[in-house]
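S.K.:
Number of protein chains: 2
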Amino acid sequence: MKTEKNIRCKIRFEPSGLKTEVDRGATVLEAARLAGVYVTSICGGDGYCGKCKVVVDEGQVESPPTTLLTPQETREGIVLACQARVFSDLTVTVPKSHLLDTGQILVDSDAHRFSQMPAEDIGEGGFPLDPLVQKHYFELTAPTEADQVADHERLYHAIRQRLDAPLMQTGYRILQSLPGVLQQAGYRVTVTLAQRGGTIEVVDVEPGDTTRCNYGVVVDVGTTTVVAHLADLASAATLDAEATYNSQMHFGDDYIRRIIYAEQHGAFDEMHRRIVHDINDLIQTLAVRQGIELGCITSVTCSGNTAMTHFLLNLDARRIRRSPYVPTAAWIPPIRAAEAGLRISKRGLLYTLPAVGAYVGSDIVAGALATRLYESPGLALLIDIGTNGEVVLGCKDWLVCASSSAGPAFEGSGVKHGMRAAPGAIERLRPGPNLTVRYETIGDEPPRGLCGSGLLDTLAVLLAMGIIDRSGRFTEQAAGRLRDGPDGPEYVLVPPADGRDAIVITQADIANLIRSKAGVYAAISVLLESTATRAEDLQALYVAGGFGNYLDVEKALAVGLLPEIPVERIRFVGNTSIAGAKMSALSREALAAAETIAARMTYFDLMNHPTYMDSFIQANFLPHTDLARFPGVEARLAKAAAWRDSGA
Amino acid sequence: MKTEKNIRCKIRFEPSGLKTEVDRGATVLEAARLAGVYVTSICGGDGYCGKCKVVVDEGQVESPPTTLLTPQETREGIVLACQARVFSDLTVTVPKSHLLDTGQILVDSDAHRFSQMPAEDIGEGGFPLDPLVQKHYFELTAPTEADQVADHERLYHAIRQRLDAPLMQTGYRILQSLPGVLQQAGYRVTVTLAQRGGTIEVVDVEPGDTTRCNYGVVVDVGTTTVVAHLADLASAATLDAEATYNSQMHFGDDYIRRIIYAEQHGAFDEMHRRIVHDINDLIQTLAVRQGIELGCITSVTCSGNTAMTHFLLNLDARRIRRSPYVPTAAWIPPIRAAEAGLRISKRGLLYTLPAVGAYVGSDIVAGALATRLYESPGLALLIDIGTNGEVVLGCKDWLVCASSSAGPAFEGSGVKHGMRAAPGAIERLRPGPNLTVRYETIGDEPPRGLCGSGLLDTLAVLLAMGIIDRSGRFTEQAAGRLRDGPDGPEYVLVPPADGRDAIVITQADIANLIRSKAGVYAAISVLLESTATRAEDLQALYVAGGFGNYLDVEKALAVGLLPEIPVERIRFVGNTSIAGAKMSALSREALAAAETIAARMTYFDLMNHPTYMDSFIQANFLPHTDLARFPGVEARLAKAAAWRDSGA
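Next up, the structure:
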């Protein structure tokens, strides 16, 4: 059925109350996008993930038959939003499980935790505080008949007396307004200077001393979550942080799906608008909360995977998912932020950290910068687990990297009750009595789901408790604790209470999580083997990514996410993408280091690597097919089994 | 009387037939400007130059009494256009003496003459052919899975293999379109590269090989005349030249008056639009005549006095005429030509040669470049006589300069029958029988007036013939050849014929010309004295400016325009402003030399100089008060007087 242009239908979504109007024949998912209602849709609307279930309360839709819905669900009015076509005015309820449905912005709590990190690395012992965009106050000598130097050269002369700036440029509009500003201000002005490649641009000239009004927004443009920090560029202090979901999630959970969607629907502009809108929302929130005018924000510095930075700048992203897998630009030059649609100071700049290639983005370069991996005397490993799992191995002499398309399981996506690190997310688990578990939630709020660290703990705890075996399957012993869910057997982590459904983990969830950790581990294996490095040679292992506030290193080892090395060498470093971006925003030397990193890093293409698939299959066990690699874990597993046997 | 907004009057101008409508109370001059009819107005509409005489044929005007009109003129309906206010619909005739009245573009013939000059200086023995804007054709290796370098870096890599370009920049729009262009063209593309300060900008990327389509327009933005050359940037050949009057002349003959007019009438934007319109007309004419698309013109390179370049770029020019006499920028950075309103390739650039200050513009820097004065081993002097008279003295070790506000007499302005070097202009004069003169016109056309070289010859010939004395006054001997004109006694150079009026020279004309030459000579004197240089030390003396095709050096010496040095050291070099601008457009090294010149040149402010006024007054004789400075001239004058005495 095609849409019928002449018959319009009104759709109301509950519980948000958001409304829209569409042509008869449009899908409910299209209507939801129009209305701004988030409906989970991992497959991007292709009708095979079954995630976009909604309830039609009133009105009529046309749906093709599907095995993704049980007869009971069909009776209850449940449809797949991407398949159900609007036939009349509708009222549709979007279940709570679509976590974004309220449009509420959830602050990523690790954003707060790491807000101070770059400041520690700026100044004494770290990079010098020398921001990409600086404001300098000058009291120029006014011209006289004895000193007839032109306004423009007068300004340049003053700048060069203070800064090493052999190459400078000035935009036409600034040149035109310069004499007026200088005379109005009695030649006492604040000049905004920005690094642009090898030159310094005179971005703005303002009357008087406005040097205190110079803020930068730093953004980690994640596939799932977008995190923004507000930094005072004059003092290097991080003032505030905020995060939101990437609203491109409407079009697919991972960037490959989003590129496919954009190609099929001519929606690259839409992708661009979405992410720009999300970042503008974050900027607005930060600015309002801190009482800062947008005009005082002179730069946005961002990092992200290459697809995200291409979407943000509306650069052609097609060949990121298609042979020969090349981006438009790995090193995106700074542009006027307004040109990309970002609302900060009219002439403020958008900096994008350099990337390595299509599958190793500037977020990873930022990670190598933030962890100082590129200048480490001993070998170090960085693992960044987000929607993909990227791995960097190296030291001051060399850097190699790989990307496993691990899938966003540890970000809570593709897992029934997975969620981002946000209040109410279960972040720690331990065994309880009678094959139950105990848990802690972020903010001690009533449990709503599991964030990355909670999911990792779940795998480790269920394995230790013998509820799952090393292949991830529910054991016979667990049978009494399982219940039948719509997707098969599921283990109840949190029983239902207060009208809240149970929080469960399904067999499919566990398989997804194991695949994700196996992808990461296999990537590590390939890099170690390719460089003839033994795990024990690693002097440091940094784990970055969206696990929340916390990562239980013992449990990460127990499930075989990380190679077994002494735990004191393993450090959870949180969001290194934003940390590296912030270091760059605050120090030109840091950006130069990021460029060195991007130029030096060698990319290993795992998809075409002869041993990757073997490594991946071997890693599809807990902790691994080859237990000899995890002697410590093996010992503990044996101990736990003995304890169970003795207790039984 | 103020204008009355509600009563509109229609004005028709003859002989052009151009019409307009104005509010009752507007001046006839305002109406003429609106209609696009040129009316000479040296004072810019202040009512004291008396140049804007027009005839009211029909209708009614209101005019204040003035001594600038004879009773006879008033009876004939002649009014001052700037004073007469429209009271009803009018028909106004603009006399032929307003030479621009037809709106016809007169090609400056010296534009053709010097079209080849820079080419001689480019290539072997001169500056290398290395244009500011270059097109390079690249056959890039297309990316493969084994070579995943991003499009942007791929391009940079190829460029850097061919050129020394450590610093490059690419505009956002080019970056966005890059993958599409590369793929469409099978990675065979032509890249337009432009020098921007110390960086190279990727201005454009086009499919295929378009290297042959790369043209530059070079413009001498004169106060009176605007000259444009069309150069093939690939071969350094000058293809064509064209010139027009600067249509800002509506608002005053010199730039000081124009700045005053613009201040009083808020007309800086109008000044900008006028000159941009003039240059666009020239570009259009050249492009159409040579069958070249505007899109193939990748740059405009201009030189001019500082006021003109400020008008062109719409930069604040107010303090050029007002203490402390500083420009907005002496070194104007390249901008996108479209930003200034110039119609060439959409992303083409506008280069402005560097200036020294408010009164020594980039035209003079271009002159020092074109004559190679800045690298001369011996002392050399450059005199550029245009609307002002600028003088540069120096050698490879130092350069000094001064500007005399000589007035545009040698450009034909302020002289009753003065005109620009154009067909019909008298360019040579010599004594004829019975106190008459013989003459030659440009193009051998019927005489229409006198261009610069004709005016200089007139002074010299009338002096030699004893028609004027050394103070410039008509002698008793001349009385028989004089007639009474509206401005007093005038000498008839060409009797009336074929319905054409006589061509005459008036006492006021001669005074104007002597003042102009005295200003130039005094400027030279000050520079020579200030640097303890004797005239005989000069190894070369270059005379540039709007004299036409020709300058009779003997006569220039005879009237005392130039210091007396051996004639073989004196060279007439034509329009060095455009020659230097063209050298810069064709060679980055030449532009760098221009920057060195501008930085090295020391400006002498004549208005505040202790001896300038004395020098000027002494030079207000033919050739000079102090005949000892001109021993050769003195000898010839004595000979001529003896010949006259013997002949009488």
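Line order of the protein sequences matches chains G and X.
The first sequence runs 487 to 1134 under this note's numbering.
The second sequence runs 487 to 1134 under this note's numbering.
The beta carbon of each residue, even a glycine, is placed where N, CA and C say it ideally should be.
This one's a predicted model, so the numbers in the text were calculated from it and none came from an experiment.
#1: I'd like to know if V572 of chain X contacts chain G, where contact means its C-beta is closer than 8 Å to some C-beta of that chain.
#2: To the nearest angstrom, how far is it from the Cα of Y1028 of chain G to the Cα of A988 of chain G?
#3: Quick check on I765 of chain X - is its C-beta less than 8 Å from some C-beta in chain G?
#4: Curious, which full-length alpha helix (DSSP H) runs of at least 4 residues does the stretch 603 to 667 of chain X contain?
#5: Going along the chain, which residues of its own chain have a beta-carbon closer than 7 Å to the beta-carbon of S601 of chain X, five neighbours each way excluded?
#6: Taking its Cβ as the centre, do 16 or more other Cβ atoms sit within 10 Å of R648 of chain X, making it buried, or is it exposed?
#7: Just checking: is the beta-carbon of L661 of chain G within a distance shorter than 8 Å of some beta-carbon in chain X?
#8: Could you name the residues of the same chain whose beta carbon sits closer than 7 Å to that of K1041 of chain X, not counting the 5 residues immediately before and after it, in chain order?
#9: Put P975 of chain X into one of helix, strand or coil per three-state DSSP.
#10: Just the C-alpha distance for P501 of chain X and N920 of chain X, rounded to the nearest angstrom, thanks.
#11: Measure the Cβ-Cβ separation of A747 of chain G and N791 of chain G and say whether it is below 8 Å.
#12: Cα-Cα, which of X:A1121, X:A1021 and X:G1066 is closest to R1055 of chain X?
#13: Going along chain G, which residues have a C-beta under 7 Å from D690 of chain X?
#14: Got a sec, what are the start and stop residues for the beta strand (DSSP E) H715 of chain G sits in?
#15: How would you call I493 of chain G, buried or exposed, if buried means at least 16 neighbouring beta carbons within 10 angstroms?
#16: Indicate the three-state DSSP secondary structure (helix, strand or coil) for P917 of chain X in the structure shown.
#17: Once you ignore the five residues that flank D695 of chain G on each side, which residues in its own chain have a CB closer than 8 Å to its CB?
#18: Suppose you measure from the CA of L1048 of chain X to the CA of L618 of chain X; what does that come to, to the nearest Å?
#19: Return helix, strand or coil for Y524 of chain G, following the three-state DSSP convention.
#20: Out of curiosity, what's the CA-to-CA distance linking H758 of chain G and E897 of chain G?
#21: Suppose contacts are defined by Cβ-Cβ distances below 8 Å. Is T709 of chain X in contact with Y731 of chain X by that definition?
#22: What residue range does the beta strand (DSSP E) around G875 of chain G cover?
#23: Under a CB-based cut-off of 8 Å, is S1132 of chain G close to chain X?
#24: Answer with yes or no whether the minimum CB distance from D462 of chain X to chain G is below 8 Å.
#25: How is S1101 of chain X classed by DSSP in three states: helix, strand or coil?
#26: Quick check on L1024 of chain G - is its C-beta less than 8 Å from some C-beta in chain X?
#27: With M437 of chain G as the anchor, note down where its alpha helix (DSSP H) starts and where it stops.
#28: In chain X, which residues lie with their C-beta within 7 Å of the C-beta of P810 of chain G?
#29: Is the stretch 963 to 973 of chain X in contact with the stretch 838 to 855 of chain X, if contact means three or more CB pairs nearer than 8 Å?
#30: Which of helix, strand or coil does DSSP assign to L592 of chain G?
#31: Do you know how far the Cα of P693 of chain X is from the Cα of A671 of chain X?
#32: With a threshold of 6 Å on Cβ separation, who are the neighbours of L592 of chain G within its own chain once the five nearest residues in sequence on each side are excluded?
#33: Do we get a CB-CB distance below 8 Å when we pair I742 of chain G with the residues of chain X?
#34: Just to confirm my understanding: we take A644 of chain G, look at its own chain, exclude 5 residues before and 5 after, and list those with CB closer than 7 Å. What are they?
#35: Indicate whether at least one CB of chain G lies closer than 8 Å to the CB of Q655 of chain X.
#36: Can you tell me whether R510 of chain G is buried or exposed, with buried defined as 16 or more other CB within 10 angstroms of its CB?
M.R.: Checking against the coordinates, here is how it stands:
#1: no
#2: 34 Å
#3: no
#4: 603 to 606 and 637 to 648
#5: Confidence at S601 of chain X is low in this model, with a pLDDT of 42, below 50, so the placement of that residue is unreliable and no value is reported for it.
#6: exposed
#7: yes
#8: L942, D943 and A946
#9: strand
#10: 38 Å
#11: The sequence shown places Tyr at residue 747 of chain G, rather than the Ala named in the question. In this structure, N791 of chain G does not lie closer than 8 Å to Y747 of chain G by Cβ.
#12: X:A1021
#13: Within chain G, no C-beta atom comes nearer than 7 Å to that of D690 of chain X; the closest sits roughly 16 Å away.
#14: T711 to D718
#15: exposed
#16: Strand.
#17: Y623, R674 and T676
#18: A straight line joining the alpha-carbon of L1048 of chain X with that of L618 of chain X spans about 36 Å.
#19: coil
#20: 23 Å
#21: no
#22: G875 to G880
#23: no
#24: The shown model of chain X, from 487 to 1134, leaves out residue 462 of chain X, and the question about it has no answer.
#25: helix
#26: no
#27: The question about residue 437 of chain G has no answer, for chain G in this structure spans 487 to 1134.
#28: P629, T630, E631 and Q634
#29: Not touching, per the Cβ criterion.
#30: Only weak support is given to the placement of L592 of chain G: the predicted model assigns it a pLDDT of 38, under 50, and the question is left unresolved by the model.
#31: 5 Å
#32: Below a pLDDT of 50, predicted positions are generally treated as unreliable, and L592 of chain G, at 38, falls in that range; no measurement from the model is reported.
#33: no
#34: F624 and L626
#35: yes
#36: buried
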